[in-house]
Amino acid sequence: GDSVTQTEGQVALSEEDFLTIHCNYSASGYPTLFWYVQYPGEGPQLLFRASRDKEKGSSRGFEATYDKGTTSFHLRKASVQESDSAVYYCALRSNTGYQNFYFGKGTSLTVIP
Amino acid sequence: ETAVFQTPNYHVTQVGNEVSFNCKQTLGHDTMYWYKQDSKKLLKIMFSYNNKQLIVNETVPRRFSPQSSDKAHLNLRIKSVEPEDSAVYLCASSRDRGGSDYTFGSGTRLLVI
Chain E
2 GDSVTQTEGQ
12 VALSEEDFLT
22 IHCNYSASGY
32 PTLFWYVQYP
42 GEGPQLLFRA
52 SRDKEKGSSR
62 GFEATYDKGT
72 TSFHLRKASV
82 QESDSAVYYC
92 ALRSNTGYQN
102 FYFGKGTSLT
112 VIP
Chain P
16 ETAVFQTPNY
26 HVTQVGNEVS
36 FNCKQTLGHD
46 TMYWYKQDSK
56 KLLKIMFSYN
66 NKQLIVNETV
76 PRRFSPQSSD
86 KAHLNLRIKS
96 VEPEDSAVYL
106 CASSRDRGGS
116 DYTFGSGTRL
126 LVI
């Protein structure tokens with residue numbers, strides 16, 4: 002079945018460090034891929050999405066590129082700030098058959114000032 | 016304001032009690048969901064409800080039951096809470112069964128003592 006794998010459970014960085022959170026997926030065809038962010042005390046909210054190979058999604062300095070060859074959608078940011086401390090979820094919506102929505106396990110990012 | 020609204024924000028109760036959480040969406044969406052978010056931030060879908068069709072995650076204990084009066088409301092009842100039910104319960108909605116415009120509420124934090 003379809004699935005999303007986030008390899009990092011927790012990440013701790015200093016301000017201005019470079020961030021990479023890895024996301025790999027398993028699905029047939031071209032699923033739509035998402036990154037969600039959850040700040041403390043809030044629900045997850047959409048950061049951005051991509052639905053075609055090589056499409057880049059971006060928002061608030063974060064970006065990810067849909068790569069069908071490596072089945073990846075890694076989240077990157079060049080210079081993190083303390084306010085980026087949150088939980089990040091990679092998600093997938095399959096576009097074949099019954100369109101199910103799948104979330105990764107989440108990555109908790111802590112940015113130390 | 017259009018969003019997903021959950022009440023209460025926080026609830027403390029004793030083992031064996033019954034609790035009920037409310038969720039309302041003003042987005043005009045057709046599908047609503049309940050998720051359980053554990054202490055490791057893992058999101059587990061419990062129920063989805065679309066056009067009076069309820070889809071239940073088979074791993075959800077029978078003491079949990081969703082209640083819907085219309086497509087804008089999906090409440091969650093727990094008949095006899097147990098310590099392992101302590102978690103954040105997130106309500107979400109989407110425009111259709113395919114998960115378009117997936118939007119979360121801010122969550123209800125349950126503590127069972």
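If you read the sequences in order, they're chains E and P. Yeah, the first sequence ends on 114 if you go by this note's numbering, and it's all consecutive. Yeah, the second sequence ends on 128 if you go by this note's numbering, and it's all consecutive. Backbone N, C-alpha and C define an ideal beta-carbon position, used for all residues, glycine too.
Anticipated Cβ contact below 8 angstroms, residue i with residue j, distance rounded
i	j	result
F63 of chain E	L76 of chain E	6 angstroms
N37 of chain P	T22 of chain P	5 angstroms
Q7 of chain E	G107 of chain E	7 angstroms
Y25 of chain P	R124 of chain P	5 angstroms
E17 of chain E	S80 of chain E	5 angstroms
S83 of chain P	L89 of chain P	5 angstroms
R50 of chain E	F35 of chain E	5 angstroms
G44 of chain E	G120 of chain P	5 angstroms
Closest by C-alpha distance to residue i, when choosing among the options
i	options	result
I60 of chain P	P:V34, P:A87 and P:L91	P:L91
T74 of chain P	P:K67, P:F62 and P:P81	P:F62
D45 of chain P	P:D116, P:S35, P:L58 and P:K55	P:D116
V127 of chain P	P:D100, P:L105 and P:R78	P:D100
D68 of chain E	E:S84, E:T33, E:S109 and E:Q11	E:T33
Y104 of chain P	P:Y50, P:A87, P:S84 and P:V30	P:Y50
Y90 of chain E	E:A65, E:G2, E:Q39 and E:S73	E:Q39
E83 of chain E	E:S73, E:R61, E:R94 and E:T111	E:T111
I70 of chain P	P:V34, P:Y48 and P:E33	P:Y48
G2 of chain E	E:I113, E:K55 and E:R94	E:R94
F104 of chain E	P:D85, P:K56 and P:V27	P:K56
T21 of chain E	E:P114, E:A65, E:P41 and E:S29	E:A65
G10 of chain E	P:A87, P:E97 and P:S54	P:S54
L42 of chain P	P:P98, P:E97 and P:K86	P:K86
Residue j beta carbon less than 8 angstroms from that of residue i
i	j	result
G122 of chain P	F102 of chain E	no
S4 of chain E	Y31 of chain E	no
R112 of chain P	N65 of chain P	yes
Q52 of chain P	V19 of chain P	no
A102 of chain P	T118 of chain P	no
S59 of chain E	V88 of chain E	no
S95 of chain P	R78 of chain P	yes
V34 of chain P	I93 of chain P	yes
Beta-bridge pairing of residue i - partner residues as DSSP gives them
i	result
E64 of chain E	E:S59 and E:R77
I60 of chain P	P:Y50
I128 of chain P	Paired residues: none, contrary to the question.
F102 of chain E	E:R94
Starting from the N-terminal side, write out each stretch of the beta strand (DSSP E) that is 3 residues or longer and does not extend beyond the segment 86-117 of chain P.
Within the segment 86-117 of chain P, the complete beta strand (DSSP E) runs of at least 3 residues are 90-93 and 102-109.
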